[in-house]
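A.B. asks: Each residue of the sequence shown is one higher than the one before, counting from 1 in full-length UniProt numbering. Think of the CB as a built atom: it goes at the ideal place given N, C-alpha and C, for glycine as much as any other residue. Sharing a structure with you now.
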Amino acid sequence: MRPIPHTRRHKMLPFSGFSEAERFDGDQVKPNLPVVPVKHGIVGATPVTHRKSSSSSFQAQQIISLNPLPLKKHGCGRAPIQVCSEEEFLRDVMQFLILRGHTRLVPQGGLAEFPDAILNAKRLDLFNLYREVVSRGGFHVGNGINWKGQVFSKMRNHTLTNRMTGVGNTLKRHYETYLLEYELAHDDVDGECCLLCHSSAAGDWVNCGICGEWAHFGCDRRQGLGAFKDYAKTDGLEYVCPQCSITNFKKKSQKTSNGY
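The following block contains the structure:
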């Protein structure tokens, strides 16, 4: 039986927005605030409640708040994110942004025009962006998520012929603009423990691109995996856990034995 994961206590972080020129498509967007460089993979360097800490959480803590409103739980009647409809979600986000004083992010045309950010020639798919991130531990996980391989591929903005570069950083900035405060004001983030050591301790967390489970990279003793930094990069390698690797191998072997 797996141990009950530690409850993640959200630390209310300030909002960091875009200038008007930075709210649109993708690779030309540049952050208007400094980024604080950090080192990855330092086990035990942070308390358990921040067990999946990474550069994004440190960066968010460095943001100077220009919003005088204290960040509180939203207290809305929205359905759980797993069963919530896209329309209900977007209406709730719009209401939340207005309550937070971010009226410039809500177009006058309302839901039909929200959000007015464009990615890969399509309106930004906030709904699937949010669902994929919170299902993988939330924004503070940062580079433990493969933003391009795991998140972007599930969004309507993704195309098979996509040639965008830097899409991971673009998604992070859009998330920080529209959804970071919203995430912190709701209890949508899944909390997990390592599927290998069953601990929720801080460390070099990676997310399996197939089953979505979390593991400490250092707990995976398989040869040939490379280094944690290869997965922690925004557009880095996709991690596949041992169980999913075995399942994939069996499927491939079965196809070969069946002659196709």
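Do histidine 158 and leucine 124 have their C-beta atoms within less than 7 Å of each other?
C.D. replies: Cβ distance not < 7 Å, so histidine 158 and leucine 124 don't count as in contact.
A.B. asks: With burial defined as no fewer than 16 other Cβ atoms inside 10 Å of the residue's Cβ, what is the status of alanine 112: buried or exposed?
C.D. replies: Its Cβ having fewer than 16 others within 10 Å, alanine 112 is exposed.
A.B. asks: Is arginine 123 helix, strand or coil by DSSP?
C.D. replies: The answer is strand: DSSP assigns arginine 123 an E or B state.
A.B. asks: If you check the beta carbons only, do leucine 180 and phenylalanine 217 fall under 7 Å apart?
C.D. replies: Contact flag unset, no.
A.B. asks: Taking just the CA atoms, how far does glutamine 254 sit from glutamate 132?
C.D. replies: Taking the straight line joining both Cα atoms gives about 31 Å.
A.B. asks: Following the continuous beta strand (DSSP E) through alanine 215, name the residue where it begins and the one where it ends.
C.D. replies: Run containing alanine 215: 214 to 216, per the beta strand (DSSP E) assignment.
A.B. asks: Find the nearest neighbour of glutamine 82 within the set Ala121, Asp187 and Thr103, judged by alpha-carbon distance.
C.D. replies: If we check each option's Cα against that of glutamine 82, Asp187 comes out closest.
A.B. asks: Excluding the 5 residues preceding and the 5 following leucine 97 in the sequence, name in chain order all residues of the same chain whose CB lies nearer than 7 Å to its CB.
C.D. replies: The residues are Leu105 and Val106.
A.B. asks: By Cβ distance, which residues of its chain are closer than 7 Å to valine 206, with the 5 residues on each side in sequence left out?
C.D. replies: Cβ within range, chain order: Gly144, Ala215, Phe217, Tyr231 and Tyr239.
A.B. asks: Of the residues Arg222, Cys244, Phe249 and Val167, which one's Cα is nearest the Cα of isoleucine 210?
C.D. replies: The residue with the shortest Cα to Cα distance from isoleucine 210 is Cys244.
A.B. asks: Report buried or exposed for alanine 185, applying the criterion of at least 16 other Cβ atoms within 10 angstroms of its Cβ.
C.D. replies: Alanine 185 is buried by the Cβ-count criterion.
A.B. asks: According to DSSP, is isoleucine 145 helix, strand or coil?
C.D. replies: In the structure shown, isoleucine 145 sits in coil (DSSP, three-state: anything other than H, G, I, E or B).
A.B. asks: Measuring only the C-alpha atoms, how far is alanine 117 from threonine 256?
C.D. replies: When rounded, the distance between both Cα atoms is 46 Å.
A.B. asks: Quick one: what's got a C-beta closer than 8 Å to leucine 88's C-beta in the same chain, skipping five residues either side?
C.D. replies: A quick correction: the sequence has glutamate, not leucine, at residue 88. Excluding positions up to five away in sequence, the list reads Arg78 and Ala79.
A.B. asks: What are the uninterrupted segments assigned as alpha helix (DSSP H) that are 4 or more residues long and contained completely in the UniProt domain "ARID" (83 to 187), given in chain order?
C.D. replies: Whole alpha helix (DSSP H) segments, 4+ residues: 86 to 99, 126 to 134, 167 to 178 and 180 to 184.
A.B. asks: Of all the options Glu86, Gln95 and Ser85, which has the alpha carbon lying nearest to the alpha carbon of cysteine 76?
C.D. replies: Nearest C-alpha to cysteine 76: Gln95.
A.B. asks: Short of 6 Å in beta carbon distance, which residues of its chain neighbour leucine 237, apart from the five on each side in sequence? Order them along the chain.
C.D. replies: Here the set comprises Asp230 and Tyr231.
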